[in-house]
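A.B. asks:
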Amino acid sequence: MEDDEKYALSAYQVLRTVGKAAVADLPAETGLDLDQVERGIRQLRRLGLVRDVEEMIEPVDANAALLGKAQAHQATAAAHAASVSDLEQLAHVLLTLYQPPLSPDTLQAEVELITDPKQKDRRLQELATAIKVSCDALHPGAMPSMEVLNRSLAQDRALVARGVRCRAIYRQALLETPKHARYLHDLAQAGVEVRLIDHAVYDLLVLDGLIAFNPAAAGTGSRAVILLHGSALVSAQVALYEDYWLRAVPYHRAVAQSERTALSAQERVVVRLMASGLSDDQIARKLGVHRRTVQRAVAKLMERLNATSRFEAGLKLARVMGADGDSVGLAPSHTVPSPRPARPVPPRVS
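According to the numbering used here, the sequence shown is numbered sequentially starting from 1.
1) What three-state label does DSSP hand Ile283 in the structure shown?
2) Among the residues of its own chain, which have a CB less than 7 Å from the CB of Arg123, if the five just before and after it don't count?
3) Would you grab the beta carbon distance between Leu49 and Ala62 for me? Rounded to a whole angstrom, and I think it's under 8 Å.
4) Counting only runs that start and end within the stretch 198–262, where is the beta strand (DSSP E) found for 3 or more residues in a row?
5) Helix, strand or coil, according to DSSP, for Pro59 in the structure here?
6) Whole angstroms is fine: what's the gap from Val160's alpha carbon to Tyr170's?
7) Roughly how many angstroms lie between the CA atoms of Ile57 and Gly31, to the nearest whole one?
8) Tell me which same chain residues have a C-beta within less than 6 Å of the C-beta of Leu149, skipping the five on either side of it?
9) In three-state terms, what does DSSP make of Ser85?
10) Considering Glu110, what are the terminal residues of the beta strand (DSSP E) in which it resides?
11) Express the C-alpha separation of Leu127 and Glu38 in angstroms, rounding to a whole number.
12) Using three-state DSSP, classify Ile131 as helix, strand or coil.
13) Following the continuous beta strand (DSSP E) through Ala168, name the residue where it begins and the one where it ends.
14) Can you name, in chain order, every residue of its own chain whose Cβ lies under 8 Å from the Cβ of Arg291, other than the five neighbours on each side?
15) Distance check for Ala75 and Ala8, CA to CA, integer angstroms please.
16) Just confirm the distance between the C-beta atoms of Arg268 and Gln172, as a whole number of angstroms; I'd bet it's less than 8 Å.
17) Could you tell me whether the Cβ atoms of Arg165 and Trp245 are closer together than 8 Å?
18) Quick check: what's the CA-CA separation for Arg247 versus Ser83?
19) Thinking C-alpha only, which one of Val270, Ala81, Ala190 and Pro215 is nearest Thr293?
20) Does DSSP classify Arg16 as helix, strand or coil?
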């Protein structure tokens with residue numbers, strides 16, 4: 001850069017002497033080669049010290065060059081000020097006339113039924129870009145393909161990078177499936193707060209506490225979803241999610257519990273439902289298996305836990321799975337088959 005200034009000064013001094021000249025004639029006048037002359041001329045153009053006249057260049061007085069630069073700067077500053085003013089007007093119109101996807105207006109209450117899958121995906125993408133504070137997801141249903149999960153993981157990473165608090169609740173039985181266990185591990189590593197639960201009513205997605213996605217008809221096979229806007233409607237869904245969150249087990253503790261006992265996640269579900277007082281028929285319906293399958297599993301579990309009653313088996317399992325509880329030796333045994341999908345998977349952001 002210092003050399004360019006030297007070349008520019010040499011060329012400028014010659015031009016001040018001769019008045020104007022062709023670039024090709026300057027090497028002979030300055031003692032520079034053509035490349036050096038061209039570098040010097042580029043610097044003079046940047047400073048506004050030369051101007052083109054036909055096929056020649058002539059020098060510009062330094063004071064005139066400074067005045068020209070000042071005027072150009074003023075014009076640029078005026079254009080910038082006009083642009084800022086225009087942006088302020090646009091922002092005012094957007095914030096007052098056009099309701100944004102995540103409005104802080106707590107009085108707003110809207111219900112939107114979405115049946116078209118493409119429209120559902122578009123709405124999810126729109127809302128994902130507008131999330132500011134939190135993204136809470138509950139996914140107790142059947143898992144989608146790994147391709148979908150990987151896309152969801154990338155979206156979660158992007159949200160976390162933006163400072164959004166992401167929470168996700170999944171079925172504890174997923175720890176028994178290697179690919180899903182790996183997905184949960186990657187999700188936790190990405191910064192998402194992950195918890196696991198035995199079962200939940202339906203899939204749920206809550207954004208910033210102001211928007212909620214629900215299945216339109218859980219358990220019917222319909223893929224339609226209901227989009228709720230405004231705290232007046234969403235507050236109940238937020239309360240439901242927080243209740244599940246408190247009852248769910250943190251991911252790392254669930255992994256440690258799984259390693260301390262040979263009971264599968266499905267077997268733990270059976271015992272917990274037993275301890276809650278559910279009958280074999282009720283457990284079978286919840287898990288989507290036959291009643292005889294549950295009866296055989298209960299008998300084997302009670303034998304392995306050395307329990308004389310169903311309730312005692314539940315208490316012993318709770319002690320085994322406690323955060324600081326002692327582990328008991330349990331030999332691997334029969335695993336209750338995975339539940340048949342009983343509800344559709346709603347759209348996913350997290």
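Using N, Cα and C, we set each Cβ at its ideal position, and we do this for glycine too.
C.D. replies: Let me lay it out:
1) Note: Ile283 maps to helix in three-state DSSP.
2) Ile114 and Leu227
3) 7 Å
4) 204–207, 211–215 and 225–229
5) strand
6) 18 Å
7) 18 Å
8) Here the set comprises Tyr183.
9) helix
10) Glu110 to Ile114
11) 54 Å
12) coil
13) Arg165 to Arg171
14) Asp280, Asp281 and Ala284
15) 27 Å
16) 7 Å
17) Cβ distance not < 8 Å, so Arg165 and Trp245 don't count as in contact.
18) 52 Å
19) Val270
20) helix
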